[in-house]
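**Student:** The following block contains the structure, expressed as structure tokens.
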Amino acid sequence: MRKSSRLKGGGYLVSSASVVLLAVPALDGAKNDPVLLGCLLGGVVLSIAGMGLRWRSHRIEIHRKETRLRRPTKGEEGWRGEV
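Counting along the sequence shown from 1, when you hit position 11 you're at 11 in the numbering used here, and nothing is skipped either side.
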């Protein structure tokens, strides 16, 4: 895995941890209101899920770029006339 991917993944992990840490004090105010508690927990889950989706999309992009770089060009062995 490239250094830039590790750094990006690390950034997403730090962001996920910060979402959880910010939710801890907010839980005290939301524990007596079920709607507020649901919104808080839903926000935490959606935020972390969004970071996971961005990370996955980044990895797919990297894979596609690497695949394109390895694809044979016209005249090379393995060339199939694809663009």
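Don't be surprised by glycine CBs; every beta carbon is placed ideally from N, CA and C.
Predicted model, so just to flag it, every value in this text is computed and none were measured.
Which residue from VAL44, ILE62, GLU66, VAL14 puts its Cα closest to that of LEU27?
**Tutor:** Nearest option by C-alpha distance: VAL44.
**Student:** Examine chain D for any beta-carbon lying closer than 8 angstroms to the beta-carbon of HIS58, and answer yes or no.
**Tutor:** No chain D is part of this structure, which consists of one protein chain only.
**Student:** Helix, strand or coil: how does DSSP classify LYS3 here?
**Tutor:** In the structure shown, LYS3 sits in a helix (DSSP, three-state: H, G or I).
**Student:** In its own chain, which residues sit with a C-beta less than 8 angstroms from the C-beta of ILE62, not counting the 5 before and 5 after it?
**Tutor:** These residues qualify, in order along the chain: ARG2, SER5.
**Student:** Measure how close the beta-carbons of ALA30 and LEU40 come, nearest whole angstrom, since I'm counting them as under 8 angstroms.
**Tutor:** Yes, ALA30 and LEU40 are in contact; Cβ-Cβ is about 5 angstroms, under 8 angstroms.
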